[in-house]
Amino acid sequence: MLPNRVAIAISLHRILVPGERVVVAVSGGPDSLALLSILREILPALPLHLTVAHFDHGWRPDSRADRDFVASIATRWGYD
């Protein structure tokens, strides 16, 4: 499973230190949401403090909807 492979790679290569704060940039698209979901799943094995970041550039008419969607996911999943 992908989350297990990600957890192993993070530990093996010492990419992140347990207890470290990690800022995850989330656009609201499938790739960044998949990343956030995987990190959320492996948190018990790698105790990290996740913060979700989203930048609303305002260049597209629906950018506010993206911002609101990311904020709702972050709130629902208990992230800053």
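Residue 271 is where the sequence shown starts when you use my numbering, and the numbers rise one by one after that. C-beta: ideal position from N, C-alpha, C; glycine also. Every value quoted in this text rests on a predicted model; they were computed, and no experiment measured them.
Check: Would V293 be called buried (16 or more neighbouring beta carbons within 10 Å of its own) or exposed?
Finding: exposed
Mind reading off the beta-carbon distance from P288 to L306? Whole number of angstroms is fine, and I expect it under 8 Å. Actually they do not touch by this definition, with Cβ atoms about 19 Å apart.
Tell me whether the region 326-346 and the region 273-283 touch, counting them as touching only if at least three CB pairs, one residue from each stretch, are closer than 8 Å. no
Give the secondary structure of L282 by DSSP, where H, G and I count as helix, E and B as strand, and everything else as coil.
helix
Please tell me whether A344 and D350 are closer than 9 Å, where the distance is taken between their beta carbons.
yes
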